[in-house]
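One structure is given below, encoded as structure tokens.
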Amino acid sequence: MRDALSDALVSMASRNPRFVLLTGDHGYALFDVFRAKFPDQFINAGVAEQNMIGMAAGLARRGFKPCVYGLAAFIPVRTLEQIKLDVAHEGLPVIFLGDGAGLVYSHLGSSHQSTEDIACLRAIPSIEILSPADRHEMTACMAYAESSEAPVYIRIGKADLGDIHAGPLPSLSVGNLVLIHEGREDHAAIIATGAMVKSALEIGQALHLSVWSAPFLKPLSQADVISAAQGSRGLIVLEEHSVLGGLGAAVAEVTSTHCPLRILRIGVEDRFSLGCGDYGYLLSEHGIDKASVLEKVRGFCGLVSE
Amino acid sequence: MRFDPVSVRRKVLEMAYSGGTVHIACAFSIVELLTVLYRNHLRFPGNDPDSPGRDYLLLSKGHGVMAQYACLHELGWLSDQQLQNYFRNGTDLKGLSDAHVRGLEVSSGSLGHGFSIGVGISLGLKRQGAHQKVFIVVGDGELNEGPNWEAALFAAHHQLDNLMLVVDVNGFQAMGKTDEVMSLGDLPAKLAAFGFETACVDGHDEHSIDQAIRSLWATGSGRPKALLATTVKGKGVSFMESDNRWHYTRLDEPTFQQAMASLTALRA
Numbered sequence: 153m154r155d156a157l158s159d160a161l162v163s164m165a166s167r168n169p170r171f172v173l174l175t176g177d178h179g180y181a182l183f184d185v186f187r188a189k190f191p192d193q194f195i196n197a198g199v200a201e202q203n204m205i206g207m208a209a210g211l212a213r214r215g216f217k218p219c220v221y222g223l224a225a226f227i228p229v230r231t232l233e234q235i236k237l238d239v240a241h242e243g244l245p246v247i248f249l250g251d252g253a254g255l256v257y258s259h260l261g262s263s264h265q266s267t268e269d270i271a272c273l274r275a276i277p278s279i280e281i282l283s284p285a286d287r288h289e290m291t292a293c294m295a296y297a298e299s300s301e302a303p304v305y306i307r308i309g310k311a312d313l314g315d316i317h318a319g320p321l322p323s324l325s326v327g328n329l330v331l332i333h334e335g336r337e338d339h340a341a342i343i344a345t346g347a348m349v350k351s352a353l354e355i356g357q358a359l360h361l362s363v364w365s366a367p368f369l370k371p372l373s374q375a376d377v378i379s380a381a382q383g384s385r386g387l388i389v390l391e392e393h394s395v396l397g398g399l400g401a402a403v404a405e406v407t408s409t410h411c412p413l414r415i416l417r418i419g420v421e422d423r424f425s426l427g428c429g430d431y432g433y434l435l436s437e438h439g440i441d442k443a444s445v446l447e448k449v450r451g452f453c454g455l456v457s458e
Numbered sequence: 072m073r074f075d076p077v078s079v080r081r082k083v084l085e086m087a088y089s090g091g092t093v094h095i096a097c098a099f100s101i102v103e104l105l106t107v108l109y110r111n112h113l114r115f116p117g118n119d120p121d122s123p124g125r126d127y128l129l130l131s132k133g134h135g136v137m138a139q140y141a142c143l144h145e146l147g148w149l150s151d152q153q154l155q156n157y158f159r160n161g162t163d164l165k166g167l168s169d170a171h172v173r174g175l176e177v178s179s180g181s182l183g184h185g186f187s188i189g190v191g192i193s194l195g196l197k198r199q200g201a202h203q204k205v206f207i208v209v210g211d212g213e214l215n216e217g218p219n220w221e222a223a224l225f226a227a228h229h230q231l232d233n234l235m236l237v238v239d240v241n242g243f244q245a246m247g248k249t250d251e252v253m254s255l256g257d258l259p260a261k262l263a264a265f266g267f268e269t270a271c272v273d274g275h276d277e278h279s280i281d282q283a284i285r286s287l288w289a290t291g292s293g294r295p296k297a298l299l300a301t302t303v304k305g306k307g308v309s310f311m312e313s314d315n316r317w318h319y320t321r322l323d324e325p326t327f328q329q330a331m332a333s334l335t336a337l338r339a
């Protein structure tokens with residue numbers, strides 16, 4: 153997935169001399185190829201993220217296509233107001249890459265974890281939020297961001313979980329959910345995003361549930377959410393993010409208006425991580441490892457089939 | 072294109088009175104600075120504030136926006152009606168700077184944004200081989216905000232000598248004197264230490280401002296520039312000068328008339 157990201161950055165820079173990559177002193181090895189090939193299109197803005205976002209806005213005003221990279225804890229969370237006012241308010245076509253989203257930096261603690269970034273950005277008008285699940289979605293998301301005239305945030309979670317899709321995706325349609333497993337009609341269905349799609353797929357296959365991947369978190373196609381809801385006995389939404397304000401909330405906002413049904417929102421409950429540990433440990437601490445999710449999904453399926 | 076500070080202040084008073092708004096003193100401290108910049112320095116090809124070939128003036132201290140509205144009106148880019156409707160429901164001129172208004176470059180008032188955006192524009196111009204200039208007007212109180220100092224580091228490191236930071240050193244911020252709230256210390260020395268070419272000037276002396284700007288550009292040293300303009304908050308109306316209540320106070324009929332008379336006396 154990181155190779156797909158690197159490849160996309162390199163090809164965007166080669167196609168557009170006004171494509172500039174800015175980083176706040178992060179992404180050491182990720183940009184090796186980019187830096188070697190396009191040193192003039194690479195700017196290390198130093199450990200100064202707020203200034204970096206303002207500068208990206210200034211560059212965009214001069215016709216550049218800035219792509220700002222940082223850890224999701226900083227881009228967007230630390231720099232939320234700069235993103236709101238300098239970029240989104242003016243509708244500038246800046247790409248934001250938030251790496252290590254969710255619990256990826258498990259050992260490092262809450263400063264580097266990011267389970268609030270989606271909620272923070274969703275309420276800011278004009279910005280689009282993407283969340284790729286594997287390298288193929290990453291490639292498609294980057295292609296979308298390249299052509300978008302709006303600001304785009306790409307949320308990059310755990311990147312080494314393997315493929316979801318068998319091959320490259322056709323270009324993404326704005327807001328669409330992607331059906332990745334067709335289950336039985338009278339069962340619940342799962343909508344998942346980012347690093348959680350892998351577990352969702354395996355559980356869906358085991359329990360005969362339809363599974364949808366959500367590469368778009370905003371905008372989110374109302375028609376697709378309604379379609380997923382209407383074909384099922386209930387929805388399970390799975391994300392490596394707070395259960396407040398993320399994909400689960402976005403889905404519930406649509407269904408509560410158009411097709412009320414039971415929804416189980418699985419994610420990080422409203423608390424910080426407690427202990428140190430590896431990624432797998434942190435997932436289980438928050439009850440979003442595959443075994444815990446399976447148990448919750450089973451319970452929900454029992455509830456909705458009664 | 073020959074407007075003067077008295078006409079700019081008069082327009083500010085009319086806007087503030089008809090709109091029933093505050094921040095009069097914040098606008099008055101930068102009147103000479105903006106007047107000299109618009110009249111003598113900023114180039115707008117085709118008299119078009121949106122021209123890609125323009126020089127940039129970013130008013131980062133959005134609280135002074137009435138002074139900028141008045142200048143834009145002098146230049147013919149804002150209409151009489153727009154000024155008369157200032158602050159009214161459903162109109163376009165807000166109480167703080169908004170980049171959606173033609174002629175304004177940044178949405179500010181939340182402080183510490185304009186410098187970074189200006190640095191990005193300045194870097195973009197350099198990379199495009201364009202010779203336009205970028206002026207960023209900040210307040211001294213605004214320099215409490217951290218991103219200004221991030222921007223200063225970056226501007227010096229990347230030798231953005233097409234950029235001039237103009238500091239309105241009026242000595243006040245919202246709650247009191249800057250020296251009492253959080254002292255900036257020796258600001259010229261600080262900016263020089265960051266790598267800026269600096270000049271200090273009386274921010275109400277048009278000739279000195281003009282000369283200082285010319286001298287700073289002439290240094291051409293690969294260093295960004297900083298003009299430190301000592302000003303008086305509320306300058307131009309005797310009873311407003313250095314009285315921080317005029318950050319917040321609205322004009323009523325008597326104070327409006329008194330202020331207008333004070334300006335007339337200034338011109339005479």
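Heads up: the sequence lines are chains A and B, in that order.
Take the first sequence: its letters are residues 153 to 458, numbered as in this note's numbering.
Take the second sequence: its letters are residues 72 to 339, numbered as in this note's numbering.
We put the beta carbon where it would ideally sit given N, CA and C, even for glycine.
Report buried or exposed for residue i, applying the criterion of at least 16 other Cβ atoms within 10 angstroms of its Cβ.
i, result
"B/Asn219", "buried"
"B/His94", "buried"
"A/Glu337", "exposed"
"A/Gln382", "exposed"
"B/Cys97", "buried"
"B/Arg285", "exposed"
"A/Asp177", "exposed"
"B/Asn315", "buried"
"B/Phe186", "buried"
"A/Asp269", "buried"
"A/Phe248", "buried"
"A/Asp376", "buried"
Can you tell me which of the options puts its alpha carbon nearest to the alpha carbon of residue i?
i, options, result
"A/Pro228", "A/Phe183, A/Ala212, A/Ile276", "A/Ile276"
"A/Tyr462", "A/Asp312, A/Ala295, A/Gly314, A/Leu313", "Outside the modelled stretch of chain A, which goes from 153 to 458, sits residue 462 of chain A, for which no answer is possible."
"A/Val136", "A/Gly356, A/Tyr221, A/Ala344, A/Ser323", "Residue 136 of chain A falls outside the range modelled here, since chain A spans only 153 to 458, and no answer is possible."
"A/Leu413", "A/His393, A/Ser457, A/Pro371", "A/Ser457"
"A/Lys448", "A/Leu282, A/Leu387, A/Leu434", "A/Leu387"
"A/Thr175", "A/Pro322, A/Ala200, A/Ile342", "A/Ala200"
"B/Ser313", "B/Thr320, B/Lys296, B/Arg321, B/Lys304", "B/Lys304"
"A/Arg385", "A/Ile342, A/Gly439, A/Gly243", "A/Ile342"
"A/Ala380", "A/Glu334, A/Pro367, A/Lys236, A/Lys350", "A/Glu334"
"A/Phe424", "A/Leu361, A/Glu280, A/Ser258, A/Gly198", "A/Ser258"
"B/Val240", "B/Asn233, B/Ser122, B/His275, B/Pro325", "B/His275"
"B/Gly90", "B/Gln155, B/Pro123, B/His144", "B/Gln155"
"A/Phe216", "A/Ile440, A/Met207, A/Leu223", "A/Met207"
"A/Gly309", "A/Ser323, A/Asp286, A/Ala212", "A/Asp286"
"A/Ala160", "A/Arg307, A/Cys428, A/Phe186, A/Leu313", "A/Phe186"
Within the continuous beta strand (DSSP E) that includes residue i, where are the two ends?
i, result
"B/Lys296", "296-301"
"A/His360", "Note, A/His360: premise wrong, no beta strand (DSSP E); not H, not E."
"A/Phe368", "368-370"
"A/His288", "A/His288 -> not in any beta strand (DSSP E); alpha helix (DSSP H) instead, spanning 287-299."
"A/Arg417", "415-420"
"B/Gly124", "No beta strand (DSSP E) contains B/Gly124, which DSSP labels as neither H nor E."
"A/Val199", "Premise fails: A/Val199 is in no beta strand (DSSP E) and is neither H nor E."
Reducing DSSP to helix, strand and coil, say where residue i ends up.
i, result
"B/Gly343", "Any answer about residue 343 of chain B is impossible in this case: the structure gives chain B only from 72 up to 339."
"B/Thr326", "helix"
"A/Leu273", "helix"
"A/Glu354", "helix"
"A/Cys428", "coil"
"B/Gly305", "coil"
"A/Cys219", "strand"
"A/Tyr305", "strand"
"A/His259", "helix"
"B/Gln406", "Summary: the structure shown does not reach residue 406 of chain B, with chain B confined to residues 72 through 339, and so no result is reported for it."
Whole-angstrom Cβ separation of residue i and residue j, contact assumed at under 8 Å?
i, j, result
"A/Ala302", "A/Pro245", "7 Å"
"A/Ala225", "A/Ser263", "7 Å"
"A/Gly327", "A/Ser373", "4 Å"
"B/Phe265", "A/Asn203", "The pair is not a contact, with the Cβ atoms about 13 Å apart (cut-off 8 Å)."
"B/His184", "A/Leu273", "At roughly 18 Å, the Cβ-Cβ gap does not stay under 8 Å, so B/His184 and A/Leu273 are not in contact."
In the DSSP assignment, find the alpha helix (DSSP H) that holds residue i and state where it starts and stops.
i, result
"B/Asp281", "277-290"
"A/Glu437", "431-437"
"B/Asn219", "218-228"
"B/Val237", "Looking at the DSSP string, B/Val237 is not in any alpha helix (DSSP H); the run it does join, the beta strand (DSSP E), is 234-240."
"B/Ala264", "258-264"
"A/Glu392", "Note, A/Glu392: premise wrong, no alpha helix (DSSP H); beta strand (DSSP E) at 387-394."
"B/Gly90", "76-90"
"A/His410", "399-410"
"B/Glu251", "249-252"
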